[in-house]
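In our numbering, the protein residues as written are 1 to 333.
Remarks on the structure that follows.
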Amino acid sequence: MARRKQAAEALRRAAQAPEFEADDLLAAWHGRKGSAPSIGAAAGPRAQLSALAMTVQLDSFTKVKAMMDEMVAQLKKQQQEEVDFKAYCIKEFDENEKAVFAKTEEKKDLEAQIESLEALGEKLAKEIKDAKEQISATEVEIKKAGEAREAENAEFQTTVADQRATQTILKKALTRLEDFYKKGKGNKLVLTQQEPPVKFNKYKDHAGASPVMGLIEQIIEDSKKVESEATSSEYKAQAEYESFVKDSTAIVKQLGEAIVVKTKASATAESDLASAKGDHEAAVAELESWAAYKADLHGQCDFVLKNFDIRQSARLQEIESIQAAKAILSGAS
Numbered sequence: 001m002a003r004r005k006q007a008a009e010a011l012r013r014a015a016q017a018p019e020f021e022a023d024d025l026l027a028a029w030h031g032r033k034g035s036a037p038s039i040g041a042a043a044g045p046r047a048q049l050s051a052l053a054m055t056v057q058l059d060s061f062t063k064v065k066a067m068m069d070e071m072v073a074q075l076k077k078q079q080q081e082e083v084d085f086k087a088y089c090i091k092e093f094d095e096n097e098k099a100v101f102a103k104t105e106e107k108k109d110l111e112a113q114i115e116s117l118e119a120l121g122e123k124l125a126k127e128i129k130d131a132k133e134q135i136s137a138t139e140v141e142i143k144k145a146g147e148a149r150e151a152e153n154a155e156f157q158t159t160v161a162d163q164r165a166t167q168t169i170l171k172k173a174l175t176r177l178e179d180f181y182k183k184g185k186g187n188k189l190v191l192t193q194q195e196p197p198v199k200f201n202k203y204k205d206h207a208g209a210s211p212v213m214g215l216i217e218q219i220i221e222d223s224k225k226v227e228s229e230a231t232s233s234e235y236k237a238q239a240e241y242e243s244f245v246k247d248s249t250a251i252v253k254q255l256g257e258a259i260v261v262k263t264k265a266s267a268t269a270e271s272d273l274a275s276a277k278g279d280h281e282a283a284v285a286e287l288e289s290w291a292a293y294k295a296d297l298h299g300q301c302d303f304v305l306k307n308f309d310i311r312q313s314a315r316l317q318e319i320e321s322i323q324a325a326k327a328i329l330s331g332a333s
């Protein structure tokens, strides 16, 4: 039994090595080197194995060939596993590259979106600030216009009251003078040359009437004219004020509505910005994860990928050597 195990071990070594000493194999079979007849080296491995096969029993060949078959099966399994592992590595590297590219593009898009949202937020904030300032300024202008209008109206009321009071007094005086001259109790009065307190239109002599009455009538007409002009100016000023207030109020309303819209837009932009920043952080973390996985792949795959052809060729040669050895044993049996 010991001799058979030694012969099997010698055959295994022979299958792995293309060159060997036949004397060693024979010595292993007989238990000591040099005890068996020497086979010339020029005869080659196949002849040496054939000579050895002639000296061993048939049951030993069966066990040795079974061992060879198992070895070949293991080598073929390793061969296929390495092919599958290479395909796995190539596939994983390819998927990693595609995923990194897609995530990098997503990261760039998110960075552009963040930049755009930040600019939009700043723009909306400035516009809201400007609108509020414009509303404040417009309201101040409305208040000033109202105060000015009150002052103008007060002046108008005073002017009208003064003119009407003047007219009332002069009309009373004129009535008394008319009564006086109608009764014939008075002669035409001679007007003294003096400068009136208010310059009116040039006095015109009224035929058949007292110069005093003519002057009074002229003053009354001028007073009515002043009242009329003041009233016209008042109406115009009031209309302009009301138009200004109406337009200003419309502007304030429009600005207020714009502020509401832009405030909502600003809140939406802030929410989108926060979301984009969160997505950006997640994208960066995922890229780091892909990078770490790629590093792991390199650790697992680089040796196999670099030495794949060499390892496949060496393993194939080993398989062929074992199969050749088995063929020799099969022929000998």
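In this text, a Cβ means the ideal position worked out from N, Cα and C, and glycines have one as well.
Model, not experiment: these values are computed from the prediction.
- Counting other Cβ atoms within 10 Å of its Cβ, Gln163 reaches 16 or more and is therefore classed as buried.
- Taking each of Met67, Lys143, Val304 in turn and checking the Cα distance to Phe85, the smallest one comes out for Val304.
- By the beta-carbon neighbour count (other beta carbons within 10 angstroms, threshold 16), Ile328 is buried.
- Here Thr166 is near Ser223, since their CB atoms are less than 8 Å apart.
- Lys277 sits in a helix when the DSSP states are folded into three classes.
- In the displayed model, Lys182 falls within a helix according to three-state DSSP.
- Here Lys183 is exposed: its Cβ has fewer than 16 other Cβ atoms, across all protein chains shown, within 10 Å.
- Between the beta-carbon of Val72 and that of Ile319 there is about 5 Å, and that keeps the pair under the 8 Å contact cut.
- Excluding five sequence positions before and after Val245, the CB atoms of its chain that fall closer than 8 Å to its own CB belong to Ile142, Ala145, Gly146, given in chain order.
- Only residues of its own chain outside the window of five on either side were considered, and among them Ala269 have a CB closer than 6 Å to the CB of Leu120, listed in chain order.
- For the pair of segments examined, the segment 99-115 was found not to touch the segment 223-241: the number of CB pairs separated by less than 8 Å stays below three.
- Scanning its chain for C-beta atoms nearer than 8 Å, with the 5 sequence neighbours on each side dropped, one finds around Gln238 the residues Arg149, Asn153, in chain order.
- Thr159 and Glu217 have their C-alpha atoms some 19 Å from each other.
- Exclusion of the five residues before and after Val100 leaves Trp290 as the residues of its chain whose Cβ lies within less than 6 Å of its Cβ.
- Leaving aside the five residues that flank Met213 on each side, the residues in its chain whose CB is nearer than 8 Å to its CB run, in chain order, Leu174, Leu177, Glu178, Tyr181, His206.
- Contact check for Lys65 against Ser330 passes: the beta carbons are separated by less than 8 Å.
- Sorting Ala267, Ile251, Asp69, Lys264 by C-alpha distance to the C-alpha of Ser136 places Ile251 at the top.
- Put simply, the backbone Cα of Ala161 is about 33 Å away from that of Thr249.
- In this structure, the CA atom of Glu234 is about 47 Å from the CA atom of Glu122.
- The C-alpha of Thr231 is placed about 9 Å away from the C-alpha of Gln157.
- Around the beta carbon of Ser266, 16 or more other beta carbons sit within 10 angstroms, so the residue counts as buried.
- Taking 8 Å as the upper bound for CB-CB distance, Glu127 and Lys262 are in contact here, some 6 Å apart.
- One alpha carbon belongs to Ser321, the other to Met68, and they sit about 10 Å apart.
- With 16 or more other Cβ atoms inside 10 Å of its own Cβ, Lys326 counts as buried.
- For a cut-off of 8 Å, the C-beta gap from Ala276 to Leu110 is around 5 Å, short enough to register as a contact.
- Taking C-beta atoms as the reference points, Phe93 and Leu297 count as a pair closer than 8 Å.
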